[in-house]
Amino acid sequence: MSTTTTAAAAPRARAAAYTRTFLDRHSSMMPTFAALIIFVALLIGAEVHFGNFLTPLNMSALLLNYAYLLILAVGMTFVIVTGGIDLSVGSVMAFTGISCAKLLGEGYSAAVVIPVILLGGAAIGLLIGVLVQYFDVQPFIASLAGLFLARGLAFVVSLSSIRVENESVLWLQTTRWRLGDWYITPTGILALSVAAIGAFVMQYTRFGRTVYAVGGNEQSARLMGLNVARTKVLVYVISGVCGGLAGLVLTAYSGAGYPRNGIGTELDVIAAVVIGGTLLTGGTGYVLGSVIGVLVFGTINTIIAYQGAEQSWTRIIIGLMLLMFIVVQRVIVVRSERRR
Amino acid sequence: MTRLMKHRLFWPLFALVALIVINTVARPQFIKVTVRDGELYGALIDILRNSAPLMLVALGMTLVIATRGIDLSVGAVMAVSGAVTLTIIDGSSSPGSTGTVLIAILAGIGVSLVLGLWNGFLVAVLDIQPIIATLVLMLAGRGVALLITDGFITTVNSEPLNFVATGYLFALPFAMFIWLAAVAAIAVIERRTALGVLTEAVGINPEASRLAGVRSRGIILGAYVASGTLAGIAGIIYSSNIRAADANAAGDLIELYAILAVVLGGTSLMGGKFSIAGTVVGVLIIQTLDSTILFLGVSSAQSPVFFAIVVVIVVLIQSPRVHQWGRTLTSGIRRSEAPEVRSDAEVTA
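If you're matching them up, the sequences are chains D and B in order.
Residue numbering for the first sequence follows numbering that gives the first Met the number 0, starting at 0 and increasing by one per position.
Residue numbering for the second sequence follows numbering that gives the first Met the number 0, starting at 0 and increasing by one per position.
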């Protein structure tokens with residue numbers, strides 16, 4: 000790669016060419032960069048406007064309040080990168096959350112309950128994955144069945160909310176490890192480690208690369224000898240396990256299980272993932288992008304709460320941001336297609 | 000008999016009749032229709048009346064799905080049109096006059112038409128995936144509805160408005176005539192003109208139909224406009240039924256039930272061939288199932304479990320792998336030498 004300084008004759012053209020190559024090579028990362036810029040701009044804008052926004056307390060609360068969303072977004076990223084979609088995550092979260100509260104209330108220890116609810120989430124994910132892969136059901140419809148099933152089961156477990164008294168589950172939420180004014184709860188650490196593991200698996204493992212290959216072109220992936228079937232089932236199982244984990248985190252967060260939790264959460268998750276730069280057509284996306292998407296989502300919510308504006312604005316603004324991002328993505332895709 | 004069984008409406012109709020029979024056996028009063036003050040009452044009449052919102056939404060959804068699209072925003076559009084209509088009536092000086100209500104209803108429908116146009120613009124002109132393009136409005140629409148009603152549930156007591164959902168005409172519920180009219184209008188437009196065939200062409204292969212000279216953009220745009228408008232009418236019926244505009248509850252999950260109704264009716268989500276009669280049967284199945292579940296004493300909150308089972312059964316019946324199993328099974332019994340040449344989609348549809 001030549002530097003712009005060696006050829007003084009046309010440094011500007013060189014620079015332009017260099018930028019173009021850079022953009023070409025990293026075009027899939029552009030939406031994520033854009034999300035990062037928007038996140039920083041939001042933080043700076045809010046700080047300038049309110050003067051007391053960028054406090055350690057606020058930033059710590061952001062992670063605390065949206066830990067469940069972060070976990071769900073990581074699982075959803077896997078599914079969307081394969082070109083699928085999982086509408087069931089909000090309901091799975093409600094189902095596992097209420098099951099967790101119910102089982103704890105009946106005196107089972109957390110060491111039994113937590114694996115059980117994770118398995119519950121995985122089972123619903125497995126059902127969706129098998130329908131998608133082996134019965135050629137569209138992901139949208141298969142996960143719709145998962146949504147109905149999990150929501151109904153949540154109400155079967157209990158029609159009203161159940162308080163959680165179990166100390167080890169509440170510990171997840173009430174413990175605060177402090178560093179100055181910053182603090183982090185075990186739920187926050189859990190969410191961050193899920194994101195870290197997710198990012199690592201996607202980038203550096205054989206399974207993760209297969210996920211990208213399947214999303215890019217399923218036919219080619221199959222001809223290359225990759226195990227497409229296993230991968231496609233597994234991403235839904237991962238999303239289901241993430242749903243179970245989010246149920247645990249949300250139950251710890253609210254100190255109770257509630258069967259109405261997470262209605263519409265699947266849309267928030269999809270919006271966060273798309274804002275983070277993952278293409279819904281599959282093949283492109285980053286777990287870290289989704290983390291940024293969740294942070295953007297959370298920051299917008301916090302700003303609106305700060306402003307004292309009506310909560311209805313949240314939905315409108317998230318909708319508009321989603322629109323902006325899909326138009327930007329569309330432009331990027333069209334431009335890269337034209338170059339080819 | 001086999002020809003009858005291969006008809007695309009056989010299985011949906013069979014399911015509907017089976018549901019009605021099961022209900023009648025379990026509680027004989029289910030089938031009974033009583034006449035009171037020259038108006039008909041009964042569980043069956045209730046089903047016909049209550050299916051109006053879902054029927055309108057599912058009709059629009061059928062057209063959108065036929066173009067290989069999907070419209071997730073119908074619930075939000077219902078909320079917006081209900082909010083617009085009731086806010087106008089609430090703010091007017093004479094909420095009881097027919098003129099006010101008519102203007103308010105037209106305004107509500109007009110707004111939902113514009114919302115449908117917006118969806119169509121995103122999908123047809125900007126070429127954005129339907130699921131994500133309509134997700135924008137699904138998220139933002141309820142926010143807009145909440146803004147219109149100031150975050151409150153606007154309640155209105157207006158005689159002409161109540162008539163829309165609960166009134167009677169010729170001894171039958173007025174709401175039923177609304178959906179019958181909508182079904183007739185769509186059927187005439189789609190099936191008595193070339194529009195239906197063109198819609199299917201666009202759904203089967205958008206690129207090929209464009210090259211063949213079909214104006215696919217206009218047709219896709221039209222499908223979303225129809226879906227938005229019908230959802231708007233559904234929203235007004237819903238609001239009229241509860242006599243209030245509830246921005247959060249109006250049309251909650253209706254997009255999913257509408258898609259389920261369309262699929263139950265034998266229209267494939269892959270686009271292309273669609274069946275209006277199938278959708279009508281699909282909606283009636285869902286409403287009857289809903290009433291059955293209520294009768295069983297299951298909390299309505301738990302009913303999604305039943306719908307999940309129905310969805311799984313339906314998609315399994317439609318899946319190629321199960322067809323293959325079925326074929327191996329039947330050919331094993333018949334030992335037929337002639338290889339079967341028929342399309343799978345036709346059989347289950």
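Where a beta carbon is used, it is the ideal one built from N, C-alpha and C, also for glycine.
Using the Cβ count rule (16 or more neighbours within 10 Å means buried), how would you classify residue i?
{"i": "D:Gln218", "result": "exposed"}
{"i": "D:Phe32", "result": "exposed"}
{"i": "D:Ser311", "result": "buried"}
{"i": "B:Arg214", "result": "exposed"}
{"i": "B:Ile258", "result": "buried"}
{"i": "D:Thr186", "result": "buried"}
{"i": "B:Asp70", "result": "buried"}
{"i": "B:Trp10", "result": "buried"}
{"i": "B:Val76", "result": "buried"}
{"i": "D:Thr209", "result": "buried"}
{"i": "B:Ala183", "result": "exposed"}
{"i": "D:Pro55", "result": "exposed"}
{"i": "D:Thr81", "result": "buried"}
{"i": "B:Arg141", "result": "buried"}
{"i": "B:Trp117", "result": "buried"}
In terms of residue numbering, what span does the alpha helix (DSSP H) encompassing residue i cover?
{"i": "D:Ile262", "result": "Careful: D:Ile262 lies outside any alpha helix (DSSP H) and carries neither H nor E."}
{"i": "D:Leu178", "result": "Per DSSP, D:Leu178 belongs to no alpha helix (DSSP H); it is in the beta strand (DSSP E), Trp176 to Leu178."}
{"i": "B:Val282", "result": "Ile275 to Phe294"}
{"i": "D:Met29", "result": "Met29 to Phe49"}
{"i": "B:Ile21", "result": "Phe9 to Ala25"}
{"i": "D:Gly282", "result": "Taken as a continuous stretch (DSSP letters only), D:Gly282 belongs to no alpha helix (DSSP H), as it is neither H nor E."}
{"i": "B:Tyr237", "result": "Ser215 to Ile241"}
Between residue i and residue j, what straight-line distance do the alpha-carbon atoms span, to the nearest angstrom?
{"i": "B:Gly109", "j": "B:Thr228", "result": "8 Å"}
{"i": "B:Gln323", "j": "B:Gly271", "result": "23 Å"}
{"i": "B:Leu220", "j": "B:Val201", "result": "12 Å"}
{"i": "B:Ile177", "j": "B:Pro159", "result": "15 Å"}
{"i": "D:Asn51", "j": "D:Gln328", "result": "34 Å"}
{"i": "B:Ala14", "j": "B:Thr291", "result": "13 Å"}
{"i": "B:Ile188", "j": "B:Ile203", "result": "20 Å"}
{"i": "D:Leu322", "j": "B:Ser208", "result": "28 Å"}
{"i": "D:Asp135", "j": "B:Val314", "result": "9 Å"}
{"i": "D:Ala16", "j": "D:Arg334", "result": "16 Å"}
{"i": "D:Gly284", "j": "D:Val248", "result": "25 Å"}
{"i": "B:Gly98", "j": "B:Thr84", "result": "13 Å"}
{"i": "D:Ser160", "j": "D:Gly254", "result": "10 Å"}
{"i": "B:Val352", "j": "B:Leu288", "result": "Nothing about residue 352 of chain B can be read from this structure; chain B reaches only from 0 to 348."}
{"i": "D:Tyr235", "j": "D:Thr20", "result": "36 Å"}
{"i": "B:Leu62", "j": "D:Leu222", "result": "36 Å"}
{"i": "D:Ser1", "j": "D:Ala12", "result": "Low confidence applies here, because D:Ser1 scores a pLDDT of 47, under 50, leaving its location unreliable; read the following figure in that light. Going by the C-alpha atoms only, they are around 12 Å apart."}
{"i": "D:Phe324", "j": "D:Ile43", "result": "20 Å"}
{"i": "B:Phe173", "j": "B:Ala42", "result": "16 Å"}
{"i": "B:Leu293", "j": "B:Val155", "result": "28 Å"}
{"i": "B:Val124", "j": "B:Gly217", "result": "9 Å"}
{"i": "D:Glu105", "j": "D:Ser238", "result": "28 Å"}
{"i": "B:Phe306", "j": "D:Leu53", "result": "47 Å"}
{"i": "B:Val135", "j": "D:Leu86", "result": "16 Å"}
{"i": "D:Leu225", "j": "B:Val196", "result": "40 Å"}
{"i": "D:Gln306", "j": "B:Ala65", "result": "44 Å"}
Locate the beta strand (DSSP E) running through residue i, then write down its first and last residues.
{"i": "B:Thr33", "result": "Thr33 to Arg35"}
{"i": "B:Leu39", "result": "Glu38 to Tyr40"}
{"i": "D:Tyr182", "result": "Trp181 to Ile183"}
Rounded to whole angstroms, how far is the Cβ of residue i from the Cβ of residue j, which I believe are closer than 8 Å?
{"i": "D:Val78", "j": "D:Ile84", "result": "6 Å"}
{"i": "B:Ala249", "j": "B:Ala78", "result": "4 Å"}
{"i": "B:Ile152", "j": "B:Thr86", "result": "That pair is no contact at about 12 Å."}
{"i": "D:Phe94", "j": "D:Gly246", "result": "7 Å"}
{"i": "D:Ile315", "j": "B:Ala139", "result": "5 Å"}
{"i": "B:Leu224", "j": "B:Gly119", "result": "Inspection of the sequence shows that residue 224 of chain B is occupied by Val rather than by Leu. Yes, B:Val224 and B:Gly119 are in contact; Cβ-Cβ is about 6 Å, under 8 Å."}
Within 7 Å: the Cβ of residue i and any heavy atom of the ligand SAM?
{"i": "D:Gly214", "result": "Looking at this structure, you won't find the ligand SAM or any other ligand, since it has none at all."}
Check each residue of the segment 117 to 128 of chain B: if its Cβ is closer than 9 Å to any Cβ of chain D, include it; give the result in chain order. Leu121, Leu125, Asp126, Ile127 and Gln128
Residues of the segment 300 to 320 of chain B with Cβ closer than 7 Å to any Cβ of chain D, in chain order: Listed by position along the chain: Ala300, Gln301, Ser302, Pro303, Val304, Phe306, Ala307, Val310, Val311, Val314, Leu315, Ser318, Pro319 and Arg320.
Going along the segment 256 to 287 of chain D in order, which residues come within less than 9 Å of chain B, judged by CB to CB distance? From the segment 256 to 287 of chain D, only Pro258, Arg259, Ile262, Gly263, Leu266, Asp267, Ile269, Ala270, Val273, Leu279 and Thr280 have a Cβ closer than 9 Å to chain B.
For the segment 150 to 182 of chain B, enumerate the residues whose C-beta is nearer than 8 Å to any C-beta of chain D, in chain order. Gly150
Compile a chain-ordered list of the residues in the segment 73 to 87 of chain D whose CB is closer than 9 Å to at least one CB of chain B. Ile84 and Leu86
Going along the segment 299 to 327 of chain D in order, which residues come within less than 9 Å of chain B, judged by CB to CB distance? Against chain B - using a Cβ distance shorter than 9 Å - the residues of the segment 299 to 327 of chain D are Glu309, Gln310, Ser311, Trp312, Thr313, Arg314, Ile315, Ile316, Ile317, Gly318, Leu319, Leu321, Leu322, Ile325 and Val326.
Give, in chain order, every residue of the segment 151 to 182 of chain D whose Cβ lies closer than 8 Å to some Cβ of chain B. Gly151, Leu152, Phe154, Val155 and Leu158
Residues of the segment 28 to 57 of chain D with a CB closer than 9 Å to any CB of chain B: list them in chain order, please. none
Closer than 9 Å, Cβ to Cβ, to anything on chain B: give me those residues from the segment 119 to 135 of chain D, in chain order. Leu126, Leu130, Tyr133, Phe134 and Asp135
Of all the residues that make up the segment 46 to 68 of chain B, which are near chain D by a beta-carbon distance shorter than 7 Å? none
Mind listing which residues of the segment 288 to 300 of chain B have their C-beta closer than 8 Å to chain D's C-betas, in chain order? Ser298 and Ala300
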